[in-house]
Amino acid sequence: MTGLTLAATAVEAQEFVPLPGLVSDHDFYRLVACGAEPGGPCTKPMIRWPEARRGEMRVGIAAVATTFPSYKFDLIDRAIDAAIDQINASGADLHLTRAYEGDLDVPLFLVDTPQGGRISGTSLPDLDGADMAIARVALRSRGEDIVSAAIAISQDINRREIASVVLEELVQAMGLPTDVDSPSYGTSIFAEYSNSTVWLRGQDAAALRLHYPRP
134 MTGLTLAATA VEAQEFVPLP GLVSDHDFYR LVACGAEPGG PCTKPMIRWP
184 EARRGEMRVG IAAVATTFPS YKFDLIDRAI DAAIDQINAS GADLHLTRAY
234 EGDLDVPLFL VDTPQGGRIS GTSLPDLDGA DMAIARVALR SRGEDIVSAA
284 IAISQDINRR EIASVVLEEL VQAMGLPTDV DSPSYGTSIF AEYSNSTVWL
334 RGQDAAALRL HYPRP
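Going by this note's numbering, the first residue of the sequence shown is number 134, and it counts up by one from there.
As structure tokens, this is what we get:
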């Protein structure tokens with residue numbers, strides 16, 4: 134399970150929506166983008182990265198706690214590259230690039246906070262002090278535009294979950310912040326109680342394309 138902070142309202146929004154079964158691409162998209170139940174209203178704002186920033190979004194590791202296990206760092210390092218490839222291949226009108234220095238659009242912080250603790254040490258008010266699950270993404274928006282995103286990953290993360298969690302957090306950082314709780318979506322990257330999917334396919338990829346349609 135991962136966590137979410139939406140900082141436009143300074144409160145934590147609903148993080149998942151239960152579903153009894155499969156829904157249409159459109160309904161699934163609205164669920165993950167704005168927390169809407171099928172046929173219902175949005176429960177959180179619909180936000181996107183502004184067009185001017187979508188062409189080369191810089192993603193990288195911003196800081197690593199001294200106690201963070203080195204073997205997990207190596208796995209996360211590779212998982213970031215794999216997640217970027219998945220997002221770039223989805224057909225959505227955005228492009229992520231790996232960065233190792235300079236300003237980052239989506240920085241990742243590998244923290245020594247245990248699962249269930251409170252995040253510290255990132256120097257970001259949207260992350261520090263927040264409850265820690267396995268990972269947490271913080272999104273700050275102005276109107277419909279995302280202005281910043283950041284991801285924290287706990288030292289407690291299981292090595293088998295790393296590739297899936299990194300992909301999920303990066304997809305959520307694109308403005309699709311809501312998970313789904315349903316046996317029908319157990320293999321979705323948005324599944325609330327599963328961290329095993331390592332690719333973007335089917336309705337997961339369709340949601341990203343609907344959020345960022347190509348001209």
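For every residue, glycine included, the Cβ atom is placed at its ideal position computed from N, Cα and C.
Nonlocal neighbours in the same chain, by C-beta distance under 6 Å from G319, ignoring five residues either side = S327
ask   = So, helix, strand or coil for V192, using DSSP?
value = strand
query = Measuring CA to CA, which of Q288, R347, G193 is closest to A216?
reply = G193
ask   = Between which two residues does the alpha helix (DSSP H) harbouring F201 extend?
value = Where F201 is concerned, there is no enclosing alpha helix (DSSP H), given that its DSSP letter is neither H nor E.
key: T142 - DSSP class collapsed to helix/strand/coil   = Annotation note: pLDDT 39 at T142 (below 50); position unreliable, coordinate value reported separately. Coil, per DSSP.
ask   = From what residue to what residue does the alpha helix (DSSP H) around F242 run?
value = It is not in any alpha helix (DSSP H) - F242 instead sits in the beta strand (DSSP E) that spans 239-244.
task = Would you mind working out which of T311, P310, V304, F323 sits nearest D218, comparing C-alpha positions?
result = V304
ask   = Taking M265 as the reference, which of P247, V197, A271, P258 has the closest Cα?
value = P247
query = If you count every other CB in all the chains shown that lies within 10 Å of the CB of G308, and 16 or more means buried, which is it?
reply = buried
Buried versus exposed call for L341 [16 or more other C-beta atoms within 10 Å across all chains shown] = buried
A266 - DSSP class collapsed to helix/strand/coil = coil
Inter-residue Cα distance where the pair is R191 and D207 = 19 Å
query = With C-beta atoms as the reference, is Y345 less than 8 Å away from A225?
reply = yes
query = By Cβ distance below 6 Å, which residues in the same chain neighbour D314 in space, the five residues on each side in sequence not counted?
reply = F149, P151, E325
key: Closest by C-alpha distance to L333, when choosing among R347, T199, L257, V299   = V299
message = If you reduce the DSSP assignment to three classes, tell me which class R273 lands in.
response = strand
ask   = R231 by DSSP, collapsed to three states: which one?
value = strand
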